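Just below is one structure, and these are the notes that go with it.
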Amino acid sequence: MEKKLHSFICTEDNVRIGGRTMLENDIRYMDYTCTYVEFTFTGTYAEAEIISDLTPSEDIFRAWAVVCVNGSAQPAKRFKLDSKRAAYELYSSDKEETVTIRLMKVSEAAFSKMGVAEIRIDGELLPPPKPQYQRRIEFVGDSITCGYGIDGVWNKDVFSTETENPIKGYAYKTAQLCKSEFQYVSWSGMGVLSSWVDEKAEKPLDNWLITDIYPYTDSGLENTLGRDGHENHTKWDFSKYVPQVIVFNMGTNDQSWTKKIPERVEQFGEKYYAFIKMLREHNPNAYIVCAYGVMDDPLAETEEAQIERFKSELDDNIEFVRLPVQQEADGIGADWHPSENTHTKMAILLSKKLNGIFEKMGM
91 MEKKLHSFIC TEDNVRIGGR TMLENDIRYM DYTCTYVEFT FTGTYAEAEI ISDLTPSEDI
151 FRAWAVVCVN GSAQPAKRFK LDSKRAAYEL YSSDKEETVT IRLMKVSEAA FSKMGVAEIR
211 IDGELLPPPK PQYQRRIEFV GDSITCGYGI DGVWNKDVFS TETENPIKGY AYKTAQLCKS
271 EFQYVSWSGM GVLSSWVDEK AEKPLDNWLI TDIYPYTDSG LENTLGRDGH ENHTKWDFSK
331 YVPQVIVFNM GTNDQSWTKK IPERVEQFGE KYYAFIKMLR EHNPNAYIVC AYGVMDDPLA
391 ETEEAQIERF KSELDDNIEF VRLPVQQEAD GIGADWHPSE NTHTKMAILL SKKLNGIFEK
451 MGM
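Numbering of the sequence shown is given in my numbering, commencing with residue 91 and proceeding in unit increments.
If you want it as structure tokens, here you go:
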């Protein structure tokens with residue numbers, strides 16, 4: 091039977107939006123890890139017209155997306171965006187059913203972008219679904235939070251977006267174990283004092299830090315669209331998603347620069363403190379959990395000291411969780427990043443902590 095497709099754009103009237111996204115010229119850009127659009131319809135078929143930026147020589151940096159159906163946390167399908175603009179099937183059935191479809195980006199904002207131009211369905215669009223949970227977590231971090239290298243193997247695979255899999259990552263697993271909504275602000279290689287540098291670096295790499303992206307909806311996208319300079323970027327509306335808990339997991343890239351040099355470690359401490367103050371300014375009621383350590387932990391004492399300083403100078407709705415350093419027996423992912431086994435251990439540890447926090451909040 092011939093399909094009778096009708097289309098809609100991804101406005102909040104038509105879809106539920108998860109994460110920091112932007113609507114530009116009727117295109118819904120969703121670039122951060124695990125950003126998504128979700129819609130409910132009664133029918134037999136759905137597809138999405140998706141655009142992406144491509145460079146032929148950079149196949150390892152292509153965007154990837156998944157489709158989750160009817161509230162399942164596990165994807166029904168996963169696919170690569172291998173065209174500048176193309177239609178991708180999201181759902182197909184022989185019989186008419188009412189289904190909820192979540193289209194979610196699983197590669198990170200640092201690489202190829204993803205924009206949904208329109209969604210086409212054979213059926214009737216229903217009102218957007220409501221959130222599954224009352225609890226809300228925001229995850230702020232680097233490559234570990236993005237799920238970098240999880241599907242790769244150390245000393246065998248180098249990074250590609252194909253082996254980046256946040257579905258197997260600690261943040262996604264923690265959200266499921268806590269029965270919580272989630273939002274990510276994460277970027278591989280990023281730090282608070284310095285992004286990752288090699289051993290021969292003579293100065294920190296400080297032109298693109300977490301403080302440069304956190305206040306904005308999607309600075310990386312706006313740079314790609316030619317709007318250089320933060321003064322031209324859209325400020326994030328913090329009322330759109332109000333987390334009760336923020337998990338902040340950074341320091342791993344900074345340690346490539348600090349190298350236990352006292353002056354650098356002190357500078358890191360000041361930058362770390364400044365950022366957790368920024369978190370508080372934008373999220374006055376959130377409980378902040380600062381986590382660190384899975385890929386080595388030379389800055390753990392410094393982070394913990396800054397958290398104690400925060401408690402004495404500001405408030406005590408914050409704490410430090412030292413993550414155990416990964417073990418080779420659990421497997422190592424691409425470029426020495428944590429394996430799924432390690433991410434699962436992180437999620438179990440963090441979810442126990444977060445569930446206790448939520449329970450104290452009466453949630």
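Note that the Cβ used here is the ideal one computed from N, Cα and C, for glycine as well. Quick caveat, the model's predicted, so the values are computed rather than measured.
| Check | Outcome |
| --- | --- |
| Euclidean distance between Cα positions of Met120 and Gly383 | 29 Å |
| Beta strand (DSSP E) runs contained entirely in the region 104-167, provided each spans 3 or more residues | 106-108, 111-114, 117-120, 126-141 and 154-159 |
| Between the CA atoms of Lys290 and Cys268 - distance to the nearest angstrom | 42 Å |
| Validate contact between the region 115-132 and the region 180-190 using beta carbons, cut 8 Å, 3 pairs | yes |
| For Ser346, three-class secondary structure by DSSP | helix |
| Buried or exposed (CB count within 10 angstroms, at least 16 for buried), Ile150 | exposed |
| Beta strand (DSSP E) segments (min. 3 residues) lying fully within the region 378-403 | none |
| Best match in Gln222, Ser429, Lys174 and Glu102 for proximity to Asn160 [C-alpha to C-alpha] | Gln222 |
| CB of Ala424 within 9 Å of CB of Ser276, strictly | no |
| Helix, strand or coil at Phe98 according to DSSP, with G and I counted as helix | strand |
| Whether Tyr306 touches Met340 by CB criterion (9 Å) | no |
| The region 327-347 contacting the region 227-244, beta-carbon criterion three pairs below 8 Å | yes |
| Three-pair Cβ contact test at 8 Å for the region 94-108 versus the region 246-260 | no |
| Burial state of Asp405, where buried means 16 or more other Cβ atoms lie within 10 Å | exposed |
| Stretch-stretch touch, CB-based, cutoff 8 Å, three pairs: the region 384-400 with the region 307-323 | no |
| Proximity of Ala136 and Leu180 at Cβ, strictly below 9 Å | yes |
| Residue interval of the alpha helix (DSSP H) (run including Lys442) | Glu430 to Lys450 |
| Backbone secondary structure at Lys170 - three-state DSSP | strand |
| Given Ser278 as reference, the closest of Glu418, Gly231 and Thr264 once Cα atoms are compared | Gly231 |
| Buried or exposed by the 16-neighbour rule on C-beta atoms within 10 Å, applied to Lys349 | exposed |
| Candidates Ala265, Leu369, Phe365 and Trp286, of which the one nearest Lys442 by Cα | Ala265 |
| Endpoints, beta strand (DSSP E) assigned at Asn339 | Val335 to Asn339 |
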